[in-house]
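Position one of the sequence shown corresponds to residue 115 (the working numbering), numbered consecutively onward. Structure first, commentary second.
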Amino acid sequence: MKISAIIITRNEEENIEKCIESLSFVDEVIVVDNDSKDDTTKIAQKLGAKIYQVPGLDFSYLRNVGKEKAKGEWLLYIDADERVQEELAKELMERINNNPQDFSHFKLSRQNYYFHKLWPKREQMIRLMKKEALVGWQGSLHESPLVCGKLGKLVSPLLHYTHNDLSSMVNKTNQWSDIEATLRYKSNHPKLSWWRFFRIMMWAFWRSYISERGWQVGTAGLIESIYQAFSIFITYAKLWELQNKGELQNNICILDSPQRAAILNNCKHYLGASPKHSIKSEDNMFTLNDRRERM
């Protein structure tokens, strides 16, 4: 039975090498790259992977491209920051080569590491499937596979090394929150009210710290749980910004030069300007943000 491993990448030069090296047991590695700006594809190509450049924000579409390009009878979907240990590779090969119950797809147990600390709760996700049984991935944001046939389960864990340091976490959150906010906006997400921010942040913290037992990991667990709340706040704040873009632009007062000069001179004492100096502005916009930036 031939196996094709499919990796969706976007700026994963720090992870892709170890990921591909952990896939030595498969027959081919397919990298569907989503507009990486670093050396992700160069590294993957040197390691023998087949590279396909695919633009767009639809994650299901990216995974479905991987399916179409794959030649294996079985498909293993894996992320760049995940690793297949020898134990899992052995179990995986045994199950697909000796499959008396005729399972068409399998759940994998993902073991997460945050700040290099083992997270108490494992995730269960369908990542291994027969190509002929996979109808396709669906959902542009939170994608899931539609697979025909019987579902089995593998015991050995898939290792997931994520959130190793705060700097990379913040950078990745800033990148992916743009994408997620845009997708939610295009799907006509209900208008955000102020109270929803509190609800979604509390839910994110509760799920991570209480439901997933992040409290057992000590300080790292607390930081990760607070960060989950922060991450979802950034996404929804960007969504709110998109939903209110027209209104926010209308709040900016565009003034001609005489009007601007008059207002600035009338406001110079409020802005804290010295009487000995005149207030000058190079642009033609005056908003309340000018005051806030000086505070």
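By construction, the Cβ of each residue, glycine as well, lies at the ideal position given by its N, Cα and C atoms.
Judged by DSSP in its simplified three-state form, Asn-226 adopts strand.
Going by DSSP, Ile-144 is part of the beta strand (DSSP E) stretching over 142-147.
Within 10 angstroms of the beta-carbon of Ser-301 lie fewer than 16 other beta-carbons, which makes it exposed. Counting along the chain, Gln-167 sits inside no alpha helix (DSSP H); it lies in the beta strand (DSSP E) bounded by residues 164-167. Counting along the chain, the unbroken beta strand (DSSP E) around Glu-237 starts and ends at 237-244. Shown here, Val-331 sits in a helix according to DSSP, grouped into three states.
Val-284: member of the alpha helix (DSSP H) spanning 280-300, first to last residue.
In this structure Leu-260 is exposed. Its beta-carbon is surrounded by fewer than 16 other beta-carbon atoms within 10 angstroms.
If you draw a straight line from the Cα of Tyr-175 to the Cα of Trp-251, it is about 7 angstroms long. Here DSSP, grouped into helix, strand and coil, assigns Gly-263 to coil. Taking 8 angstroms as the cut-off, the Cβ atoms of Asp-141 and Lys-116 count as close. In the DSSP assignment, Val-249 falls within the beta strand (DSSP E) that extends over 248-252. Nearest Cα to Ser-270 within the set Lys-245, Arg-209, Lys-156, Arg-321: Arg-209. If you look at Leu-202, you'll find it in the alpha helix (DSSP H) that goes 200-211.
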